[in-house]
Structures are given as structure tokens and as C-alpha cells.
Amino acid sequence: MTSFISGSEINILGHQISIDSLIIAVIIMAIGVTIAKVASILFKKYFGPHFEESTSKNIGKSIYYGIIIVTLLAVTTSQGIDLSGLMVAGGIFGIVIGFATQSVVSNLVSGVFLMFDKPAKAGDVIEIPTSNIVGVLLDIAIFSTRVRLFDGTIMRIPNDKIFTTNIRNLSKTPVRRADFAVGVAYKENIDRVISEIKKAISALPYVLVEPEPMVWTEQLGDSSVNLRVFVWYPGDAFGEVVPILPKIIKECLDKVGIEIPFPQRTIWYRRMPEEVKPQAG
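Numbering-wise (our numbering), the sequence shown opens with residue 92 and increments by one.
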């Protein structure tokens with residue numbers, strides 16, 4: 092953009108703009124910046140608490156810069172400056188950039204949708220089955236999502252990978268259910284086995300009484316009768332129930348003398364007739 096001053100006017104892009112008009116434009120621009128700042132502050136104060144902290148910051152920035160851009164375009168147009176050529180060039184440049192940064196745009200759009208959809212909030216334990224990721228959600232930013240895995244490392248995931256796949260929120264509900272499979276020998280009395288397992292798991296402090304624990308016969312396997320155990324527990328008591336459930340069931344069955352068999356096979360040898368046995372010598 093070239094400009095030069097002539098008397099009380101300034102030439103900008105071939106247009107003569109008076110000093111008074113330019114001063115008014117600067118004042119309008121200053122008012123626009125002030126309005127943008129106030130709008131951003133009001134949003135964070137009255138609407139920000141309804142969003143995640145990172146989401147609130149991103150929306151606040153979008154409002155701030157959006158108002159400034161609109162004000163700048165309005166001021167430029169009001170001064171009679173023709174930006175059509177610049178807009179055409181910008182459009183062509185935008186198309187080129189768009190093709191070169193498709194993944195960036197995809198992540199940006201996905202990030203915006205995730206901020207409004209809010210499948211999980213910071214601090215929730217989430218699972219992304221297709222990527223075999225389980226961990227604590229740290230934040231959802233404009234282009235990527237950060238998850239702290241249970242080994243202590245932090246994984247950055249592009250937003251389009253999050254938005255276009257299934258997300259399992261393990262912290263959304265106040266109670267959760269755990270299930271565990273166990274096999275017992277065919278010789279055992281199933282009703283007795285179920286009774287003993289129920290007594291053992293009901294004694295755990297974090298297992299809920301309602302809904303009550305359930306144990307049912309799931310399958311008649313090759314080497315054992317397979318049972319499925321279901322228990323409900325508070326959502327934040329994962330570590331006090333799920334990791335120790337197999338241990339409690341194993342100790343319970345050992346204590347009452349119920350066998351947990353390992354895979355077995357019975358092999359029958361067919362006796363060959365004497366006349367077809369190979370002759371010695």
C-alpha cells in the first residue's frame with residue numbers, strides 16, 4: 092500500500108482521503124477495539140463459566156478479533172478504498188493455502204465443534220477405542236487434544252481424529268459397572284459357587300448394594316463352567332474395585348475349596364488288532 096500527503100489530504104491506493112476523515116476513521120477503529128475488548132471480557136465473565144477454560148479462552152479471542160476485523164473492513168469501505176482487487180488476490184491465495192492445509196482446517200473445524208459438543212471436560216477419564224488410548228483429558232485446544240495416559244506421558248491427538256471417532260467417557264456417570272469372567276470345574280455345585288462369590292464381593296467397601304452384584308452362568312466351556320461376575324461401584328472408585336476383583340474371587344474360591352481348572356484334554360488310544368500289528372524282524 093502506497094500513500095503520500097498532499098495538503099490536507101492523503102493518497103491511499105489512489106484515493107484522496109482528508110485528514111479529518113482519517114482522524115474519524117482512527118476514532119472509529121479505537122471504538123471498535125474497545126467494544127471488542129469489552130465484549131470479550133463480558134463473555135468470559137457471564138458465559139465463560141459454562142465452558143471449559145480453554146474453550147472459553149478460544150471463544151473470547153474469536154469474538155475479540157472478529158469485531159476488530161469487521162470494524163477494520165467497515166472503516167476501510169467507508170473511506171472509499173476499493174479492496175475488490177485485494178480480496179480477489181486474497182481469495183486465490185486462500186484457495187491455494189486451503190488445499191495445502193486441509194488437515195489444519197479439518198483440525199480447526201473439529202476443534203470448534205468439540206468445544207461446543209463437549210463430549211468430556213478436563214479431568215475426565217476417556218477412552219478412544221479405535222486408537223487404543225485411555226487416559227485423563229487435559230484440554231481441547233483449537234487444533235489438537237491432549238490426554239495424559241496412565242503411564243504418565245502426555246499424548247497430543249489431532250482434533251479431526253477425536254471428532255470423527257467414538258469417545259468413551261469413563262467419568263461422566265456417578266456409578267459404573269465392572270465385569271469379570273471366571274471358570275470353575277464341572278464337578279462343582281454352581282449354586283454354591285455363585286453364593287460364595289456374591290458373599291466375597293459384597294464385602295468389598297466400594298461395591299454398591301443397589302444395584303446388587305450379579306453372577307450368572309455364561310458358558311459351558313471345554314474345561315470349565317464359565318461364570319460372569321457383575322458389580323457396580325462409584326465412578327471415582329475404579330482403583331479400589333476393578334484391579335482387586337480377580338484377587339478377591341480367587342482367594343474366595345481357594346478358601347472354600349472350589350477348583351479353578353486349567354485347560355485339559357483326554358486322549359484315547361485305539362488298540363490295534365493283532366493281525367495288523369507290524370511283525371518284528
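Cβ coordinates follow ideal geometry from the N, Cα and C atoms, glycine included.
Worksheet item: Relative to the C-alpha of A328, which residue among K290, V275, T264 and E350 is closest?
Response: Measuring C-alpha to C-alpha distances from A328 to each of K290, V275, T264 and E350 identifies T264 as the nearest.
Fill in: Spatially closest choice to I231 from P210, I224, E218 and F241, by CA coordinates
Nearest of P210, I224, E218 and F241 to I231, Cα basis: P210.
Worksheet item: How should N223 be labelled, buried or exposed, when 16 other C-beta atoms within 10 angstroms of its C-beta is the threshold for buried?
Response: Looking at its Cβ environment, which holds fewer than 16 other Cβ atoms inside 10 Å, N223 is exposed.
Practice prompt. State the Cα-Cα distance for the pair Q310 and L318, rounded to the nearest angstrom.
Written response: Cα-Cα distance, rounded: 7 Å.
Worksheet entry | Nearest residue (CA-CA) to I114, options V129, T167 and F353 | When each option's Cα is compared against that of I114, the closest is T167.
Practice prompt. With a 10 Å radius around its C-beta and 16 neighbouring C-beta atoms as the bar for buried, classify V200 as buried or exposed.
Written response: Classification of V200: exposed, given that the 10 Å Cβ count is below 16.
Discussion item. Let me confirm a value: R247 is counted as buried when at least 16 other C-beta atoms fall within 10 Å, else exposed. Which label applies?
Written reply: Counting the other Cβ atoms within 10 Å of the Cβ of R247 gives fewer than 16, which makes it exposed.
Worksheet item: Between F138, Y137, A165 and T125, which lies nearest to Y155 when the distance is taken from Cα to Cα?
Response: For Y155, the closest of F138, Y137, A165 and T125 by C-alpha to C-alpha distance is T125.
Worksheet item: Expressed to the nearest angstrom, what Euclidean distance is found between the alpha-carbon atoms of A121 and V203?
Response: Taken atom to atom, the span from the alpha-carbon of A121 to that of V203 is near 29 Å.
Practice prompt. Return the Cβ separation of L295 and I233 in integer angstroms, given the expectation that the two are a contact with Cβ distance under 8 Å.
Written response: For L295 against I233, the beta-carbon gap comes to about 44 Å, at or over 8 Å, which does not count as contact.
Worksheet entry | Whole-Å CB distance - I217 paired with L228, under 8 Å assumed | The Cβ separation is near 5 Å, so the contact holds.
Worksheet item: G348 bridges to which residues according to DSSP?
Response: Partner(s): none; G348 has no beta bridge.
Discussion item. Three Cβ pairs or more, each shorter than 8 Å: is that satisfied between the stretch 250-263 and the stretch 275-283?
Written reply: No: fewer than three Cβ pairs fall under 8 Å.
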